[in-house]
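*Asks:*
In our numbering, the protein residues as written are 737 to 964.
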């Protein structure tokens, strides 16, 4: 049986974790530059600013900062902060889309507001209950209460599922043969499946609690599908 707390194994996992972060930094940095047409259009005043764009731009930029901080082993607090801002804003992007689809239902819109507030509250508490540890020269993030960390992941999974269901039902209420209509449904389903599997891996490793590095090693890769 593998001894996950073996110092030599933890040292190898630490090196692997850093290498993985550099790979993600390179890939996401390239993707960020390649898909920055919205930001460029705003800077050139070719695109009028609309409030939903704030969440979209903030999510992308925050995740870029978070990946840079993780890859350079910078302050764990700021790493967690920017990561959670990115996660919160990416989910808010989905909320905005669902909000616009259900523009005739005040009750559902109110539910979305409460769900969103609950999500942001959990993310804020997530920052407050996290701490950092240095293992074999690698600064890693650990959590005071692994059960609470799992609860956050489960909430996000259920939240994304609810948004997917609301989005699909809302689109089905307004049948259309438009390619955009079919694209929204397809993107929503594909996004949820990829995100669900990524969160499931993170949740499983967190509950197994093999060691500090394994608890979080797939955290950043699992978030990559949110920011494209």
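The beta-carbon is built from N, C-alpha and C at its ideal position, and this holds for glycine as well.
According to DSSP, is residue 845 helix, strand or coil?
*Replies:* DSSP places residue 845 in helix when its eight states are reduced to three.
*Asks:* With distance defined between alpha-carbon atoms, name the residue in 745, 744 and 757 nearest to residue 802.
*Replies:* 757
*Asks:* Are the beta-carbon atoms belonging to residue 852 and residue 942 less than 8 Å from one another?
*Replies:* no
*Asks:* Within a Cβ cutoff of 7 Å, which residues of the same chain sit near residue 775, ignoring the five residues on either side of it in sequence?
*Replies:* Cβ within range, chain order: 793.
*Asks:* With three or more beta-carbon pairs closer than 8 Å as the criterion, would you say the stretch 827–844 touches the stretch 894–911?
*Replies:* yes
*Asks:* May I ask which residues mark the beginning and end of the alpha helix (DSSP H) holding residue 766?
*Replies:* 743–770
*Asks:* With the cut-off set at 8 Å, would you say residue 930 and residue 954 are in Cβ contact?
*Replies:* no
*Asks:* What would DSSP say about residue 791, mapped onto helix, strand or coil?
*Replies:* helix
*Asks:* How is residue 947 classed by DSSP in three states: helix, strand or coil?
*Replies:* coil
*Asks:* Within 10 Å of its beta-carbon, does residue 750 have 16 or more other beta-carbons around it, so buried, or fewer, so exposed?
*Replies:* buried
*Asks:* If I measure Cβ to Cβ from residue 819 and keep anything under 6 Å in the same chain, skipping five residues before and after, which residues do I get?
*Replies:* In chain order, 802 place their CB closer than 6 Å to the CB of residue 819, counting only its own chain and leaving out the 5 sequence neighbours on each side.
*Asks:* Assign residue 826 to one of three DSSP states: helix, strand, or coil.
*Replies:* Residue 826 falls in the helix class under three-state DSSP.
*Asks:* So, helix, strand or coil for residue 774, using DSSP?
*Replies:* Three-state result, residue 774: helix.
*Asks:* When the Cα atoms are used, what is the spatial distance from residue 743 to residue 896?
*Replies:* 38 Å
*Asks:* Cutting at 8 Å between CB atoms, please list the residues of its own chain near residue 829, excluding the five before and the five after it.
*Replies:* Cβ neighbours of residue 829 beyond the five flanking positions: 788, 791, 792 and 795.
*Asks:* Answer with buried or exposed for residue 850, where buried requires no fewer than 16 other C-beta atoms within 10 angstroms of its C-beta.
*Replies:* exposed
*Asks:* Measuring CA to CA, which of 786, 746, 834 and 766 is closest to residue 908?
*Replies:* Closest option to residue 908, Cα to Cα, is 834.
*Asks:* Using 8 Å for Cβ pairs, my map puts residue 859 next to residue 824. What's the rounded Cβ distance?
*Replies:* 5 Å
*Asks:* CA-CA distance, residue 844 and residue 949?
*Replies:* 40 Å
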